[in-house]
Amino acid sequence: MDIMEAIRMRRSVRKYLPDEVPAAALGTVLEAARLAPTACNNQPFRIVLVKDAALREKLVPACKGQRFVAQAPVVLVGCALEAEAYPSLAGWMNSFAIDTAIVFDHITLAATSVGLGTCWIGAFDEKAVREVLGIPPNWRVVCLTPLGKPAEQPEARPRKALGELVSEDGW
Ligand SMILES: Cc1cc2nc3c(=O)[nH]c(=O)nc-3n(C[C@H](O)[C@H](O)[C@H](O)COP(=O)(O)O)c2cc1C
8 MDIMEAIRMR RSVRKYLPDE VPAAALGTVL EAARLAPTAC NNQPFRIVLV KDAALREKLV
68 PACKGQRFVA QAPVVLVGCA LEAEAYPSLA GWMNSFAIDT AIVFDHITLA ATSVGLGTCW
128 IGAFDEKAVR EVLGIPPNWR VVCLTPLGKP AEQPEARPRK ALGELVSEDG W
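In our numbering, the protein residues as written are 8 to 178.
Here you go:
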């Protein structure tokens, strides 16, 4: 699958089959994460793979009751060490959230390319996720995604037209 096909095919998948994620497919997804660019190449992220069923269940209340999070056989939790990230993008912004988001974008697209589904999870309680997985207090939890074989093929969600999103040679 080429990159544009993966971009077009990716969906937020909220129903999963219980089938195990094949090791080769998981390897592809994690390699895509590893190769993601980060500011100054600092690579301030760590991904916690959650396979244990009891732990996945505990993530459901931490993710505002989103049950499908535990339905997939694997959950990936994106964490970042703020102190190791580039401190002042554009003069004002620590890069940790952007770095981790790029990593997860690689993950979602690579997953699509090997027939796996994902869904960005931003609605979660950071403290609760941290407690479930023993994530140290200096590490931020940026996002999660379930990873597994899709049990649904959602329609594409609408997007704005390019004209609303892009301007040329000025605002
Ligand atoms: C930063 C971010 C956080 C999100 N958080 C959630 C979430 O907590 N739960 C959920 O079901 N979907 C979540 N989504 C998925 C969006 O709802 C979804 O990407 C959007 O509706 C477009 O649909 P598509 O991904 O199928 O193209 C999130 C997406 C992003 C980018």
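Backbone N, C-alpha and C define an ideal beta-carbon position, used for all residues, glycine too.
Please read these numbers as outputs of a predicted model, since none were measured by experiment.
Checklist entry - Would you call alanine 97 buried or exposed, if buried means 16 or more other Cβ atoms sit within 10 Å of its Cβ? => result To locate residue 97, count along the sequence shown from 1; it is residue 90. Burial call: exposed.
Item to check | For proline 68, the three-state DSSP class (helix, strand or coil) | outcome: Numbered from its first residue, the sequence shown carries residue 68 at position 61. In this structure, proline 68 counts as helix in the three-state DSSP scheme.
Next on the checklist: Is it buried or exposed, aspartate 106, if we count other Cβ atoms within 10 angstroms and call 16 or more buried?
Outcome noted: As a first step, residue 106 must be located in the sequence shown, where it is residue number 99. Buried, since its Cβ has 16 or more Cβ neighbours within 10 Å.
Item to check | Counterpart residues of leucine 33 in DSSP-defined beta bridges | outcome: Residue numbering aside, residue 33 sits at position 26 when the sequence shown is read from its first letter. Looking at the DSSP assignment, leucine 33 forms no beta bridge with any residue, so it has no partner.
Item to check | Rounded Cβ spacing between alanine 90 and asparagine 145 (contact assumed at less than 8 Å) | outcome: Locating residue 90 in the sequence shown gives position 83, where the first residue counts as 1. Locating residue 145 in the sequence shown gives position 138, where the first residue counts as 1. With a Cβ gap of about 7 Å, alanine 90 and asparagine 145 count as contacting.
Item to check | Through-space distance from isoleucine 54 to proline 113, alpha-carbon basis | outcome: Position 106 of the sequence shown, counting from 1, holds the residue named residue 113. Position 47 of the sequence shown, counting from 1, holds the residue named residue 54. In the sequence as presented, proline is not what sits at residue 113; that position holds histidine. So the alpha carbons of these two residues sit roughly 13 Å apart.
Next on the checklist: Less than 8 Å between the C-beta atoms of alanine 79 and glycine 155, yes or no?
Outcome noted: To locate residue 79, count along the sequence shown from 1; it is residue 72. To locate residue 155, count along the sequence shown from 1; it is residue 148. Cβ distance < 8 Å, so alanine 79 and glycine 155 count as in contact.
Item to check | Supposed close pair leucine 88, arginine 17 - CB separation, criterion 8 Å | outcome: Within the sequence shown, numbered from 1, the residue matching residue 88 stands at position 81. Within the sequence shown, numbered from 1, the residue matching residue 17 stands at position 10. Their Cβ separation, rounded to whole angstroms, is 28 Å, which puts leucine 88 and arginine 17 out of contact at 8 Å.
Checklist entry - Distance, Cα to Cα, glycine 141 vs aspartate 132? => result In the sequence shown, the residue the question calls residue 141 occupies position 134. In the sequence shown, the residue the question calls residue 132 occupies position 125. Glycine 141 and aspartate 132: Cα-Cα distance of roughly 14 Å.
Item to check | tryptophan 99 to valine 149 span [Cα, whole Å] | outcome: Here residue 99 refers to the residue found at position 92 when the sequence shown is read from its first residue. Here residue 149 refers to the residue found at position 142 when the sequence shown is read from its first residue. Rounded to whole angstroms, tryptophan 99 to valine 149 spans 19 Å at the Cα level.
Checklist entry - Is arginine 15 near ligand 1, in the sense that its beta carbon is under 7 Å from a heavy atom of that ligand? => result Taking the sequence shown and counting its residues from 1, one reaches residue 15 at position 8. Answer for arginine 15: no, Cβ out of range of ligand 1.
Item to check | Close-in-space but distant-in-sequence residues of the same chain around lysine 65 (CB under 7 Å, 5 per side omitted) | outcome: Counting from 1 along the sequence shown, the entry for residue 65 is found at position 58. Result list for lysine 65: Val139, in chain order.
Checklist entry - Is the beta carbon of asparagine 21 within less than 7 Å of some heavy atom of ligand 1? => result By one-based count along the sequence shown, residue 21 stands at place 14. The question names asparagine, but residue 21 is arginine in the sequence shown. Because some heavy atom of ligand 1 lies under 7 Å away, the Cβ of arginine 21 counts as near it: yes.
Checklist entry - Bridge partners of alanine 87, per DSSP? => result Position 80 of the sequence shown, counting from 1, holds the residue named residue 87. Beta-bridge pairing links alanine 87 to Phe52, Arg147.
Checklist entry - Beta-carbon separation of valine 121 and valine 81 under 8 Å? => result The count along the sequence shown starts at 1 and reaches residue 121 at position 114. The count along the sequence shown starts at 1 and reaches residue 81 at position 74. For valine 121 and valine 81, no; Cβs fall outside 8 Å.
Item to check | Boundaries of the alpha helix (DSSP H) in which leucine 123 is found, first to last residue | outcome: By 1-based counting over the sequence shown, the position of residue 123 is 116. Element bounds for leucine 123: n/a, residue is neither H nor E.
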